[in-house]
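One structure below.
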Amino acid sequence: MGFLKKYYYVYVLVLAVAFAAAWFTADRITAVVAAMQDSGTPVVIIDPGHGGEDGGAISCTGVQESQLNLEISLRLNDLCHLMGISTQMVRTQDKAVYSQGCSTISEKKVSDLKNRVALVNDTPGALLVSIHQNMFSDPKYSGAQVFYAGTEGSRQLAESIQSLLCVHVDPNNHRECKLASAVYLMEHIHCTGVLIECGFLSNSDEEQLLRTPEYQKKLACAICAGLYPYFTEENGNNEV
987 MGFLKKYYYV YVLVLAVAFA AAWFTADRIT AVVAAMQDSG TPVVIIDPGH
1037 GGEDGGAISC TGVQESQLNL EISLRLNDLC HLMGISTQMV RTQDKAVYSQ
1087 GCSTISEKKV SDLKNRVALV NDTPGALLVS IHQNMFSDPK YSGAQVFYAG
1137 TEGSRQLAES IQSLLCVHVD PNNHRECKLA SAVYLMEHIH CTGVLIECGF
1187 LSNSDEEQLL RTPEYQKKLA CAICAGLYPY FTEENGNNEV
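Offset between the sequence shown (1-based) and my numbering: plus 986.
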């Protein structure tokens, strides 16, 4: 009840503004919730990249990637719950998930990645959504981009999320989803999975947006909406 009182109207407003009648009409919301509550529905593993000693990239204003990843992931988790989607967070605090006994940074990073893979592969019906931020030497580049694993359903899920990110969050973004290359997490999971680079921390305008709650909510809404076709198809209902 505490969550609903605090966030219900905020997310409903964001959904209404961001997607209007295109996706979230009353009939669609009802159908999505009903489909996702069926037995055997996948569990969305939300993975905020990095954490703890591994802060990831540092933005042009000094903000750590791990912090933004967590903030967006928590908003996505709240929204998924509102829509009746089962989730599991890899981390809910600014901590890495390496095993005890690791001493060096290198050991911790390796252990962290292996533990994330194990969590995903050990969860029945898992579907991975890993949240990250991009960085490049040239500050002119911007735009969210979705990368997908080589597993069944991953490309379709990536295309769904990428389309909504471009249309409803940043209409100037013409990026296309791509196969994740040389990404340990994406190469070792056994389930459907995507990794979302939500924006470029090296671009001052986009970095400023990424730090705002409003833009983080838009990203969370687009990602959650992008799950819609996957869940309805998994439940054999493509005519919603």
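Virtual Cβ for every residue (Gly too), placed ideally from N, Cα, C.
- Taking C-beta separations shorter than 7 Å and ignoring five residues to either side along the sequence, the partners of Cys1177 in its chain run Val1106, Ala1112, Leu1113, Leu1114, Thr1137, following chain order.
- His1174 has its alpha-carbon roughly 18 Å from the corresponding atom of Ser1085.
- The three-state reading of DSSP puts Met1172 in helix, counting H, G and I together.
- Considering only Glu1039, Ser1045, Asp1033, the residue with the shortest C-alpha distance to Ser1123 is Ser1045.
- If you draw a straight line from the Cα of Cys1088 to the Cα of Val1153, it is about 44 Å long.
- Using a 10 angstroms sphere on the CB of Leu1181, the tally of other CB atoms reaches 16 or more, which defines it as buried.
- Within the model, the alpha-carbon separation for Gln1194 versus Val1096 is close to 31 Å.
- Phe1186 carries a strand assignment under DSSP once its states are collapsed to helix, strand and coil.
- In this structure, Tyr1127 keeps its C-beta atom at 8 Å or more from the C-beta atom of Phe1217.
- In the same chain as Asn1189, and ignoring 5 residues on each side of it, the C-beta atoms closer than 6 Å to its own belong to Pro1125, Ser1128, in chain order.
- By the C-beta criterion, the segment 1196-1209 is judged not to be in contact with the segment 1157-1169, since fewer than 3 inter-stretch pairs fall below 8 Å.
- The shortest C-alpha to C-alpha distance from Tyr1170 to any of Ala1135, Leu1150, Gly1038 is the one to Ala1135.
- About 5 Å separates the beta carbon of Gly1041 from that of Ser1052, a gap short enough to meet the 8 Å contact definition.
- DSSP places Leu1205 in the uninterrupted alpha helix (DSSP H) bounded by 1199-1212.
- For Asp1033, the enclosing beta strand (DSSP E) begins and ends at 1029-1034.
- Glu1183 is positioned such that its CB atom lies closer than 8 Å to that of Gln1119.
- In the structure shown, the three-state DSSP call for Ile1117 is strand.
- Out of Gly1179, Leu1151, Asp1191, the CA that lies nearest to the CA of Lys1204 is found in Leu1151.
- Bridge pairing for Asp1040: Gly1037 [DSSP].
- A direct Cα-Cα distance of roughly 10 Å separates Cys1207 from Asp1064.
- Beyond the five residues adjoining it in sequence on each side, Leu1054 comes within less than 6 Å, by CB distance, of Gln1119, Leu1196 in the same chain, given in chain order.
- Of the candidates Phe1133, Ile1032, Gln1142, the residue whose Cα lies closest to the Cα of Met1075 is Ile1032.
- One alpha carbon belongs to Ser1116, the other to Ala1082, and they sit about 14 Å apart.
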